[in-house]
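**Student:**
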Amino acid sequence: MGADVSSVWQKSHGLASAIPLCDDEPNGNSVEAYGSAAQRREMRRWRSAFLWSLAVSALLLLCCGGPATVVQAVLNEFADNLRPTGDNESESAADSRRRGILVGEWSVVQPEVEVPGGRLQFGEAWVEERSRSTRRLVWFSAEERVGGYRVHVAYRFYADPVGGRAAKRMLVPEDGRFGIVIGEDGQDDRGVYTQVIDDPNVAGLRLSVVDSFDAPRAKNIRLVPATR
Numbered sequence: 167m168g169a170d171v172s173s174v175w176q177k178s179h180g181l182a183s184a185i186p187l188c189d190d191e192p193n194g195n196s197v198e199a200y201g202s203a204a205q206r207r208e209m210r211r212w213r214s215a216f217l218w219s220l221a222v223s224a225l226l227l228l229c230c231g232g233p234a235t236v237v238q239a240v241l242n243e244f245a246d247n248l249r250p251t252g253d254n255e256s257e258s259a260a261d262s263r264r265r266g267i268l269v270g271e272w273s274v275v276q277p278e279v280e281v282p283g284g285r286l287q288f289g290e291a292w293v294e295e296r297s298r299s300t301r302r303l304v305w306f307s308a309e310e311r312v313g314g315y316r317v318h319v320a321y322r323f324y325a326d327p328v329g330g331r332a333a334k335r336m337l338v339p340e341d342g343r344f345g346i347v348i349g350e351d352g353q354d355d356r357g358v359y360t361q362v363i364d365d366p367n368v369a370g371l372r373l374s375v376v377d378s379f380d381a382p383r384a385k386n387i388r389l390v391p392a393t394r
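When you read off a place in the sequence shown, starting at 1, and then add 166, the result is the number in my numbering.
1. Going by alpha carbons, who is nearest to phenylalanine 288 out of Thr393, Arg394, Pro391 and Ile387?
2. Please report the distance separating the alpha-carbon of tryptophan 212 from that of alanine 203.
3. With which residues is glycine 270 paired in a DSSP beta bridge?
4. Report whether the distance from the Cβ of glutamine 353 to the nearest heavy atom of the ligand GTP is below 7 Å.
5. Evaluate phenylalanine 396 with the Cβ neighbour count: other Cβ atoms within 10 Å of its Cβ, from every protein chain shown; 16 or more gives buried, anything less gives exposed.
6. Which two residues bound the contiguous beta strand (DSSP E) that contains serine 307?
7. The beta strand (DSSP E) spanning arginine 265 covers which residue range?
8. By a C-beta neighbour count over all protein chains shown, 10 Å radius and 16 as the cutoff for buried, is arginine 343 buried or exposed?
9. On the three-state DSSP scale, how would you describe glutamine 205?
10. Quick check on glutamate 310: buried or exposed, where buried means 16 or more other Cβ atoms within 10 Å of its Cβ?
11. Would you grab the beta carbon distance between glutamate 295 and tyrosine 315 for me? Rounded to a whole angstrom, and I think it's under 8 Å.
12. Between the C-alpha atoms of lysine 385 and serine 374, what's the straight-line distance to the nearest angstrom?
13. Comparing C-alpha positions only, which one of Ser297, Glu290, Thr300 and Arg298 sits nearest to glycine 357?
14. Can you tell me whether DSSP reads phenylalanine 216 as helix, strand or coil?
15. Taking DSSP as the reference, what is the three-state secondary structure of glutamate 255?
16. Please list, in chain order, all residues of the same chain as valine 275 whose beta carbon is under 8 Å from its beta carbon, the five residues on each side excluded.
17. Could you spell out the range, first to last residue, of the beta strand (DSSP E) harbouring serine 378?
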């Protein structure tokens, strides 16, 4: 009787199909819809945060990085104007390797020779591409090849305390060109002999130490590929 009264009351108020009196199973569709809406809100929140961070980063780059880049570009131009034209010579084989222009390393056959007024010791020797150090995209170091090669021979001169001051020495190539003065004023000296070459193979290169430009050249200093 009680159940009939409840049914009649629900029908009279239009609730028979809308609200069940007892439903032990949850509505799965409602849960899924709620979860999808929450996920969409979360995605919108993260998207907004990402766009905001991107905008702030771009603003900082424009305000701080822009002037710094302009200043660096001006400094690069100033430094390029101070550099001599042509190529920039490396200070050592390691420096040439760091710059990415090293072609090969060589050794002097006679690492030490007697010369007027002292003795001459040779160190490392290397061949590199002729290159000019520059910048790429303002901030990054780069090398601009200018064509040809350059051979380098490191040396050290030990002057004779007695007769070193009076003697004159020049390290010269074999083809009659000028070389470099060694141990000027009879002092110990160290440096690097350099010569522009067309062929990176310097096995046929011959050097001499003379006391005058017109003196005969012994051509007794030569290079061979370095062995490790």
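Even for Gly, the Cβ is constructed at its ideal location relative to N, Cα and C.
Predicted model only: the values in this text are computed from it and were never measured.
**Tutor:** According to the structure data:
1. To locate residue 288, count along the sequence shown from 1; it is residue 122. For the residues Thr393, Arg394, Pro391 and Ile387, the minimum Cα distance to phenylalanine 288 belongs to Ile387.
2. Translated into the one-based positions of the sequence shown, residue 212 becomes position 46. Translated into the one-based positions of the sequence shown, residue 203 becomes position 37. Whole-angstrom Cα-Cα distance: 15 Å.
3. As a working note, residue 270 is residue 104 in the sequence shown. Val293.
4. No copy of the ligand GTP occurs in the structure displayed, which carries no ligand at all.
5. Residue 396 lies beyond the stretch modelled for the chain, which goes from 167 to 394, so this question has no answer here.
6. Here residue 307 corresponds to residue number 141 of the sequence shown, with the count starting at 1. Per DSSP, serine 307 belongs to the beta strand (DSSP E) from 306-325.
7. As a first step, residue 265 must be located in the sequence shown, where it is residue number 99. It is not in any beta strand (DSSP E) - arginine 265 instead sits in the alpha helix (DSSP H) that spans 259-265.
8. As a working mapping, residue 343 is identified with position 177 in the sequence shown. Arginine 343 is exposed by the Cβ-count criterion.
9. Here residue 205 is taken as the residue at index 39 of the sequence shown, counted from 1. In the structure shown, glutamine 205 sits in a helix (DSSP, three-state: H, G or I).
10. As a position in the sequence shown, residue 310 is number 144, starting the count at 1. So glutamate 310 counts as exposed.
11. Along the sequence shown, read from residue 1 onward, the residue named residue 295 stands at position 129. Along the sequence shown, read from residue 1 onward, the residue named residue 315 stands at position 149. Their Cβ separation, rounded to whole angstroms, is 6 Å, which keeps glutamate 295 and tyrosine 315 in contact under 8 Å.
12. Counted from its first residue, the sequence shown places residue 385 at position 219. Counted from its first residue, the sequence shown places residue 374 at position 208. If I take the Cα positions, the gap works out to 5 Å.
13. Walking along the sequence shown from the start, residue 357 turns up at place 191. Ranking the options by Cα distance to glycine 357, first place goes to Glu290.
14. Indexing the sequence shown from 1 puts residue 216 at position 50. Note: phenylalanine 216 maps to helix in three-state DSSP.
15. Start at 1 with the first residue of the sequence shown, and residue 255 comes out as number 89. Coil.
16. Position 109 of the sequence shown, counted from the start, is the residue given in the question as residue 275. So the list reads Ile387, Arg388, Leu389 and Val390, once near-sequence residues are dropped.
17. What you label residue 378 is simply residue 212 of the sequence shown in a count that begins at 1. That residue, serine 378, is in no beta strand (DSSP E); it is neither H nor E in DSSP.
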